[in-house]
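Heads up: the structure comes next, in structure tokens.
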Amino acid sequence: MDFHDILAQHKFTVTATGLQLNATATQLVANPDGGATAGGSLSLLVLNRNRNRNRNRNRNRNRNRNRNRALDAVAGSGMQEPWKEREKLYAALDQWADLPIPLPPNTAQLRRQAVDLLAKQALLRTPREAHREHEIMREASIELSGYLRPLGVEDIGGYEATETLFYLILSLTDEIGLRYKDRYNVLRPNQIEPRLRPLLPNPPHQSYPSNHSFQSFSIAFLFSRLLPEHPASSELFVSARRIAENREWAGLHYAADTNAGYQLARMVAPVLEKVCEEQMLAAQAEWI
Amino acid sequence: MQQSGQTGREIYPQYDALWHLITLGVLDGDHAPVGWCVEPKDKPTRVAIIDTSVAAAHPNLQGAINTELSMDFFSARLGSFAFAPDGLATIGCLPLNLDTEIADGLPHTAKLLAELRDRLSQTSKAHANGVAPCTSPAFSSHGTSVAGLVGARPCITQQHLPTGETTPLALPYTGVDPMCEIVQISTNFDPEPEGLILAFLYADIIGADVVLFPRNIADPHRTIPEIGDIKPGEEPLSNLVRQIAPNPKQAEVWGELAELIVNISQVRPVVCAAGNANEDDGIYPANLASEHNGIISVGAVNAKGYKSSYSATGNITVMAPSNDAEAFDVAEVRLDQQSAAYDPVGVPANNANHKFSSYDVISTDVPGPAGYSGGPFAEAAIGGSMREYGSYFNRFGGTSCASALVAGFLSLGYSTGKITGRSGVEAKSWLLTHCHHHDRDEDACNVLCWSGKPVFPDGDGQTMPAPS
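Here the protein sequences come in this chain order: Z and A. One point on numbering: in my numbering, the residue at position 122 of the first sequence is 137, and numbering is uninterrupted. One point on numbering: in my numbering, the residue at position 33 of the second sequence is 154, and numbering is uninterrupted.
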């Protein structure tokens with residue numbers, strides 16, 4: 016049966032409940048309305064439009080009822096140890112243990128990069144940059160506001176799976192990054208440049224690559240796989256870079272660490288999208 | 122305006138899943154090609170789609186995706202071949218035009234082209250530096266829908282019955298040009314220009330007949346509305362709102378990307394989605410379209426023949442069928458009165474609710490639980506036999522959808538020998554000869570149609586021809 020015969024003898028009809036083949040053999044599109052909205056939404060820039068065909072004002076009313084509930088639920092209970100995902104991750108060890116990030120700078124180059132950190136340390140006292148200190152303190156520990164705020168879902172209910180995914184990514188990438196740090200064993204900036212006064216104590220591991228950079232960019236890369244055309248997908252990369260640069264302003268990382276973290280995040284994304292597939296699909300369902 | 126007693130009942134018309142191809146005049150009401158036929162091609166028309174990855178295993182995409190040349194720039198800076206069975210294998214001799222001069226006069230781009238030439242040498246590996254492509258089908262929804270609209274083929278596949286037996290199953294779905302081949306070029310969405318420059322260079326190197334770009338580019342200098350000229354005080358607003366360290370070199374590279382897209386459009390048409398948020402002159406890079414280049418900016422028209430509520434308005438080269446969306450703002454009130462959530466309170470009497478169309482455009486979806494449609498089984502197929510077909514298709518829309526139809530339309534023009542010129546400007550001229558000035562109320566637009574005048578199936582006095 017060729018092209019013409021198939022189209023002449025068979026027909027798909029779109030019904031209110033799904034896709035019907037030949038009027039007699041009915042099978043439903045599992046989620047026709049979600050599919051419709053998703054297709055239109057994801058096309059370009061209209062992610063918040065037309066969810067379930069409701070008006071925006073209805074949608075917002077519903078969202079507001081749930082304010083403040085989700086973060087309490089996620090943060091309060093904490094995340095279970097992701098043993099299934101760690102098992103998958105280690106089953107694919109050969110795909111991420113030796114990714115080709117550049118070798119770290121030598122000591123002379125690190126000293127030169129540390130001069131830039133001295134300049135940042137001085138500029139941090141100027142009014143224009145003073146607000147970074149608050150960001151740096153907030154970003155010192157794991158928390159999601161830097162990622163949720165660009166998406167417009169900070170303190171809003173209904174995005175628990177998205178938050179769970181972000182915590183999972185932070186958890187898995189943390190230990191991946193530690194392997195690379197241990198391999199290159201690069202001293203922290205104030206160990207190279209004693210005139211630096213970091214805002215925070217040096218974390219108890221090496222400098223290269225920056226895990227803040229690696230983890231933040233991993234969230235950005237994976238979220239952009241879920242919702243590539245959401246305007247915030249690109250903005251998450253900007254947030255990730257700011258979080259990474261703030262670690263330079265804090266005197267904890269060289270620019271080279273930031274760059275290596277970015278490159279590692281980009282190259283490890285093919286592994287993580289398979290390891291985290293279940294959580295990514297659950298997160299995606301909250302948006303489309 | 123309907124009476125309130127008739128609203129909110131969720132009574133929607135049934136419609137032909139290929140209505141968009143009939144509106145485009147490519148198929149007649151019986152789904153027979155109008156003035157063309159499917160013929161095997163020694164050298165099929167090549168459409169480069171720069172988008173997300175694609176679920177190439179979809180049965181309607183068999184034979185449509187060029188799995189030898191499709192390339193992913195998401196994870197590996199210089200690209201990894203998306204479907205290479207062995208990433209360590211050498212790529213061998215591929216049909217590539219590495220001598221392209223498209224980067225002449227663009228110094229940063231020329232350096233990237235030199236790197237790409239080296240990366241594409243015969244002895245290089247399928248996966249650059251051992252980095253796998255980031256192309257899991259599960260997260261390939263957008264690319265799969267777009268590719269299906271361009272070049273899906275009707276097919277006979279196998280259905281797995283609950284008894285354990287299998288039976289043939291016809292999937293009567295087609296893209297605009299079922300003879301074309303698609304080279305999927307996927308990128309990430311990091312707002313940096315290098316990856317997109319490499320993607321466009323690759324589209325040129327593979328000699329694409331049509332380049333489709335169904336998305337925007339988050340160029341901080343060209344994001345609309347552009348803010349480069351605004352100075353609230355001593356400094357430009359763009360400096361004051363900058364979140365990250367300035368990168369003067371990158372600013373130059375962004376500029377070269379814009380020039381490169383225009384340059385490529387002189388050689389081959391570049392079809393761009395115009396945007397889904399009523400952008401004045403379209404999003405970037407669709408807003409680069411002019412009569413002097415081959416960039417084609419595509420807006421959306423719904424199944425009633427009205428401009429889709431979200432579609433960009435200015436500088437649109439052509440409009441093509443797509444879905445619609447509700448609007449409730451000063452420019453227009455266009456609500457779905459059949460929606461269960463419809464509430465007549467506060468709806469002005471002079472609304473445009475009659476313009477709303479519930480029709481979506483059906484396209485190919487990622488099979489199984491991933492994708493826009495989802496599915497009931499963790500594995501959509503057993504041994505290649507489909508367990509259901511619902512998850513294989515989805516309702517799509519936006520100007521991504523419309524731009525994909527236009528790219529397919531151009532491809533069909535090449536496949537049937539109706540377009541002779543290869544340049545973007547020649548292709549655009551041919552396209553414009555197939556446009557019909559469609560004027561409904563205050564909405565006037567150029568709607569594409571292969572033969573005759575476009576007909577819109579969603580009632581309102583303009584019905585599709587009845588199948589014989």
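Each residue gets a CB set at the ideal place from its N, CA and C atoms; glycine is no exception. Source: prediction; values computed, not measured.
>> Going by DSSP, what residue range makes up the alpha helix (DSSP H) through G276(Z)?
In response: Taking the first residue of the first sequence as position 1, residue 276(Z) is located at position 261. Where G276(Z) is concerned, the enclosing alpha helix (DSSP H) stretches over 270-290.
> Apart from the five residues just before and just after S58(Z), which ones in its own chain have a Cβ nearer than 6 Å to its Cβ?
Replying inline: One-based indexing of the first sequence puts residue 58(Z) at position 43. Note that S58(Z) has pLDDT 29, beneath the 50 cutoff, so the model's placement of it is unreliable and no number is given.
> Listed in chain order, which residues of the segment 97-120 of chain Z have Cβ atoms closer than 9 Å to some Cβ of chain A?
Replying inline: Residues passing the 9 Å Cβ filter: Q110, D113, L114, P115.
>> Along the chain, where does the beta strand (DSSP E) containing A421(A) start, and where does it finish?
In response: Residue numbering aside, residue 421(A) sits at position 300 when the second sequence is read from its first letter. Looking at the DSSP string, the run of the beta strand (DSSP E) that includes A421(A) is 416-422.
> Are there 16 or more other CB atoms within 10 angstroms of the CB of I503(A), so buried, or fewer, so exposed?
Replying inline: As a first step, residue 503(A) must be located in the second sequence, where it is residue number 382. Taking a 10 Å sphere around the C-beta of I503(A), we find fewer than 16 other C-beta atoms and assign the residue as exposed.
> According to DSSP, which residues form a beta bridge with T211(A)?
Replying inline: For the purposes of this step, residue 211(A) is taken as the residue at position 90 of the second sequence. According to DSSP, T211(A) bridges with K246(A).
> Among A275(Z), A137(Z), E158(Z), which one has its Cα closest to the Cα of R210(Z)?
Replying inline: Taking the first residue of the first sequence as position 1, residue 210(Z) is located at position 195. Considering only alpha carbons, the answer is A137(Z).
>> DSSP has K103(Z) in a bridge; who is on the other side?
In response: Along the first sequence, read from residue 1 onward, the residue named residue 103(Z) stands at position 88. Looking at the DSSP assignment, K103(Z) forms no beta bridge with any residue, so it has no partner.
> What separation, rounded to the nearest whole angstrom, lies between the Cα atoms of R508(A) and F498(A)?
Replying inline: Against the second sequence, residue 508(A) aligns to sequence position 387. Against the second sequence, residue 498(A) aligns to sequence position 377. Cα to Cα, the separation comes out at about 8 Å.
> What does DSSP give as the partner residues of Q312(Z) in its beta bridges?
Replying inline: A query on residue 312(Z) cannot be resolved here, the shown segment of chain Z reaching from 16 to 303 and no further.
> So with Cβ pairs under 9 Å, would you call F260(A) a contact of chain Z?
Replying inline: Counted from its first residue, the second sequence places residue 260(A) at position 139. Interface residue, yes.
>> I need the DSSP call for E96(Z), collapsed to helix, strand or coil.
In response: Here residue 96(Z) corresponds to residue number 81 of the first sequence, with the count starting at 1. E96(Z): coil per DSSP, three-state reduction.
> So the beta strand (DSSP E) M152(Z) belongs to, where does it begin and stop?
Replying inline: In the first sequence, the residue the question calls residue 152(Z) occupies position 137. From DSSP, M152(Z) is part of no beta strand (DSSP E) but of the alpha helix (DSSP H) over 147-153.
> Does any CB atom of chain A fall closer than 9 Å to the CB of Q35(Z)?
Replying inline: Along the first sequence, one-based indexing puts residue 35(Z) at 20. For Q35(Z), the answer is yes, since a Cβ of chain A falls inside 9 Å of its Cβ.
> Where DSSP assigns a beta bridge to P369(A), which residues make up the other side?
Replying inline: If you number the second sequence from 1, residue 369(A) lands on position 248. None; P369(A) has no bridge partner.
> Got a sec: is the Cβ-Cβ distance from T128(A) to anything in chain Z below 9 Å?
Replying inline: What you label residue 128(A) is simply residue 7 of the second sequence in a count that begins at 1. Chain Z, which has no Cβ nearer than 9 Å to the Cβ of T128(A), makes this no.
> Whole alpha helix (DSSP H) runs in the segment 123-210 of chain A with 4 or more residues, listed along the chain?
Replying inline: Scanning the segment 123-210 of chain A for uninterrupted alpha helix (DSSP H) segments of 4 residues or longer gives 140-144, listed from N- to C-terminal end.
> Do A424(A) and S524(A) have their C-beta atoms closer together than 9 Å?
Replying inline: Within the second sequence, numbered from 1, the residue matching residue 424(A) stands at position 303. Within the second sequence, numbered from 1, the residue matching residue 524(A) stands at position 403. No Cβ-Cβ contact shorter than 9 Å links A424(A) with S524(A).
> From P312(A) to E102(Z), what distance separates their C-alpha atoms?
Replying inline: Within the second sequence, the letter at position 191 stands for residue 312(A). Within the first sequence, the letter at position 87 stands for residue 102(Z). Within the model, the alpha-carbon separation for P312(A) versus E102(Z) is close to 33 Å.
>> Below 9 Å on C-beta distance, what does D163(A) contact in chain Z?
In response: In the second sequence, counting from the first residue as 1, residue 163(A) sits at position 42. The contacting residues do not exist; D163(A) stays about 18 Å from chain Z at best.
> By how many angstroms is the C-alpha of V482(A) removed from the C-alpha of E453(A)?
Replying inline: Locating residue 453(A) in the second sequence gives position 332, where the first residue counts as 1. Locating residue 482(A) in the second sequence gives position 361, where the first residue counts as 1. CA-CA distance, E453(A) to V482(A), rounds to 23 Å.
> Given a threshold of 16 other Cβ atoms within 10 Å of its Cβ, counted over all protein chains shown, does Y405(A) qualify as buried or as exposed?
Replying inline: The residue you call residue 405(A) lines up with position 284 of the second sequence. So Y405(A) ends up on the buried side.
> For H141(A), which residues in chain Z fall below 8 Å Cβ to Cβ?
Replying inline: Indexing the second sequence from 1 puts residue 141(A) at position 20. Listed along chain Z is no residue with a C-beta nearer than 8 Å to that of H141(A); the closest approach is about 11 Å.
> By Cβ distance below 8 Å, which residues in the same chain neighbour Q304(Z) in space, the five residues on each side in sequence not counted?
Replying inline: Outside the modelled stretch of chain Z, which goes from 16 to 303, sits residue 304(Z), for which no answer is possible.
>> Between Q136(Z) and chain A, is the shortest Cβ-Cβ distance under 9 Å, so that the two count as touching?
In response: Here the question's residue 136(Z) lines up with position 121 in the first sequence. Contact with chain A is absent for Q136(Z), since none of that chain's Cβ atoms lies less than 9 Å from the residue's Cβ.
>> Counting only beta-carbon separations shorter than 9 Å, does M282(Z) have a partner in chain A?
In response: On the first sequence, residue 282(Z) is found 267 positions in, with the first residue counted as 1. For M282(Z), the answer is yes, since a Cβ of chain A falls inside 9 Å of its Cβ.
> Which whole-angstrom value describes the C-beta separation of L279(Z) and P216(Z), a residue pair presumed to lie in contact below a C-beta threshold of 8 Å?
Replying inline: Locating residue 279(Z) in the first sequence gives position 264, where the first residue counts as 1. Locating residue 216(Z) in the first sequence gives position 201, where the first residue counts as 1. Contact between L279(Z) and P216(Z) is absent: CB atoms are separated by about 24 Å, not below the 8 Å threshold.
> Ends of the beta strand (DSSP E) at H557(A)?
Replying inline: Residue numbering aside, residue 557(A) sits at position 436 when the second sequence is read from its first letter. Counting along the chain, H557(A) sits inside the beta strand (DSSP E) bounded by residues 556-561.
> Since T95(A) and A273(A) are thought to touch, with beta carbons under 8 Å apart, how far apart are those beta carbons, to the nearest angstrom?
Replying inline: Here chain A has residues from 122 to 589 only, and residue 95(A) is not among them.
> Per DSSP, what kind of secondary structure is H342(A) in: helix, strand or coil?
Replying inline: Stepping through the second sequence from its first residue, residue 342(A) is reached at position 221. Collapsing the DSSP output to three states places H342(A) in coil.
> From N474(A) to Q458(A), what does the alpha carbon distance come to, in whole angstroms?
Replying inline: Here residue 474(A) refers to the residue found at position 353 of the second sequence. Here residue 458(A) refers to the residue found at position 337 of the second sequence. N474(A) and Q458(A) have their C-alpha atoms some 7 Å from each other.
> Do V168(A) and D330(A) have their CB atoms nearer than 9 Å?
Replying inline: Translated into the one-based positions of the second sequence, residue 168(A) becomes position 47. Translated into the one-based positions of the second sequence, residue 330(A) becomes position 209. It is a contact, given that the beta carbons lie within the stated cut-off.
> In angstroms, rounded to a whole number, what distance separates the CA positions of E148(Z) and Y427(A)?
Replying inline: Here residue 148(Z) refers to the residue found at position 133 of the first sequence. Here residue 427(A) refers to the residue found at position 306 of the second sequence. Taking the straight line joining both Cα atoms gives about 53 Å.
> Could you give the distance in angstroms between the alpha-carbon of Q280(A) and the alpha-carbon of F517(A)?
Replying inline: Here residue 280(A) refers to the residue found at position 159 of the second sequence. Here residue 517(A) refers to the residue found at position 396 of the second sequence. Going by the C-alpha atoms only, they are around 25 Å apart.
> Can you give the Cα-Cα distance for R140(Z) and P367(A), rounded to whole angstroms?
Replying inline: Looking up residue 140(Z) in the first sequence gives position 125. Looking up residue 367(A) in the second sequence gives position 246. Each residue's alpha carbon lies about 20 Å from the other.
> Going along the chain, which residues of the segment 495-518 of chain A sit with their C-beta nearer than 7 Å to a C-beta in chain Z?
Replying inline: Cβ contacts with chain Z: G495, G496, P497, E509, Y510, G511, S512, F514, N515, R516, F517, G518.
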